[in-house]
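Take the sequence shown: its letters are residues 1 to 196, numbered as in our numbering.
C-beta: ideal position from N, C-alpha, C; glycine also.
Below you'll find the structure, written out as structure tokens, and then a few comments.
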Amino acid sequence: MTLTEPTSRRAATDAPLITPLVERWSPRAYDPAAEVHPDVIRTILEAARWAPSANNAQPWRFIVARRRTPAFATVHDALSGWNRAWADSAALLIVNLAEVVDPDGRARPWARYDLGQAVAHLTVQAQHEGLHTHQMGGFDAAPISEAFGLDTSLDVVSITAIGVLGDAAALPATLRERESAPRLRKPLQELVLVAE
Ligand SMILES: Cc1cc2nc3c(=O)[nH]c(=O)nc-3n(C[C@H](O)[C@H](O)[C@H](O)COP(=O)(O)O)c2cc1C
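Set out below in structure tokens:
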């Protein structure tokens with residue numbers, strides 16, 4: 001088994017960060033036999049629940065699909081090509097939804113921003129629990145909305161694959177190469193426009 005060496009994927013940070021942030025990365029190789037215990041699923045969703053949001057609206061909603069369930073098959077089928085090729089071995093696929101219109105019909109301009117924060121909380125907690133996560137924007141939202149009967153107030157924003165790190169050798173060659181590509185970030189001075 002050629003597990004990607006976790007230490008080689010650690011972020012080369014320019015300042016000291018908490019461990020889950022240093023160790024988080026987005027693998028494509030997951031252990032196809034590993035399950036996530038229901039208590040751990042609850043814990044990572046709880047991390048999302050405690051994210052901040054505009055007016056405390058908490059506009060995030062989730063569809064949690066465990067491998068080998070009909071819901072998983074529905075979500076997996078909606079993924080685009082390469083995502084579909086690797087995400088089948090994840091233990092969970094979580095569909096991340098933003099309630100962009102409130103119950104009174106008013107637009108919620110921060111809903112997608114708030115959802116992103118909740119998903120970030122979830123990914124960091126998942127990393128702390130010994131799991132890995134990989135967010136995806138490459139999917140077709142329409143079949144997901146239809147299959148789960150989602151209200152039009154709910155935007156299907158992203159999907160997160162979650163599981164235990166697996167064997168990179170099991171991936172197609174193109175994906176295997178991406179799995180060991182250098183992890184790069186823009187320098188901080190390019191990101192901070194003003195710092196007085
Ligand atoms: C909103 C969003 C959409 C993404 N969409 C995809 C995707 O469709 N397929 C994929 O393989 N990775 C996807 N990614 C993963 C990014 O490519 C990845 O986070 C980025 O390259 C940084 O790598 P790292 O997470 O390992 O640090 C997505 C990430 C985010 C946050």
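- The secondary-structure analysis by DSSP pairs tryptophan 60 across a beta bridge with Ala98.
- Between arginine 28 and leucine 131, the gap from beta carbon to beta carbon reaches 7 Å or more.
- Annotation: the segment 120-148 contains the following complete segments of the alpha helix (DSSP H) (minimum length 4 residues), in chain order: 141-147.
- Looking at the DSSP output, leucine 154 sits in a beta bridge with Glu99.
- With a cutoff of 6 Å, glutamine 135 counts as near ligand 1, since its C-beta is closer than that to a heavy atom of the ligand.
- Cα atoms of proline 103 and threonine 74: separation of roughly 27 Å, rounded to the nearest angstrom.
- DSSP, read as helix, strand or coil, puts alanine 107 in strand.
- Here isoleucine 162 is near alanine 90, since their CB atoms are less than 7 Å apart.
- Placement of the Cβ of asparagine 96 at a distance of 6 Å or more from every heavy atom of ligand 1 is found.
- Excluding five sequence positions before and after glycine 166, the CB atoms of its chain that fall closer than 8 Å to its own CB belong to Leu3, Pro27, Ala29, Tyr30, Asp31, Pro32, Ala34, Ser89, given in chain order.
- Between glycine 138 and asparagine 96, the gap from beta carbon to beta carbon reaches 7 Å or more.
- By the Cβ test, the segment 60-70 is not in contact with the segment 18-27, since fewer than three Cβ pairs between them sit closer than 8 Å.
- Taking serine 158 as reference, the option from Asp114, Lys186, Pro182, Glu129 with the minimal CA-CA separation is Asp114.
- In this structure, alanine 71 keeps its C-beta atom at 7 Å or more from the C-beta atom of leucine 79.
- Non-local C-beta neighbours of leucine 122 in its own chain, meaning closer than 6 Å and more than five positions away in sequence, comprise Ile44, Ala47, Ala48, ordered along the chain.
- Using a Cβ distance threshold of 7 Å, valine 100 and aspartate 155 count as a contacting pair.
- DSSP places leucine 92 within a strand segment (E or B) once states are collapsed to three.
- Around the beta-carbon of arginine 185, fewer than 16 other beta-carbon atoms lie within 10 Å, marking it exposed.
- DSSP, read as helix, strand or coil, puts isoleucine 41 in helix.
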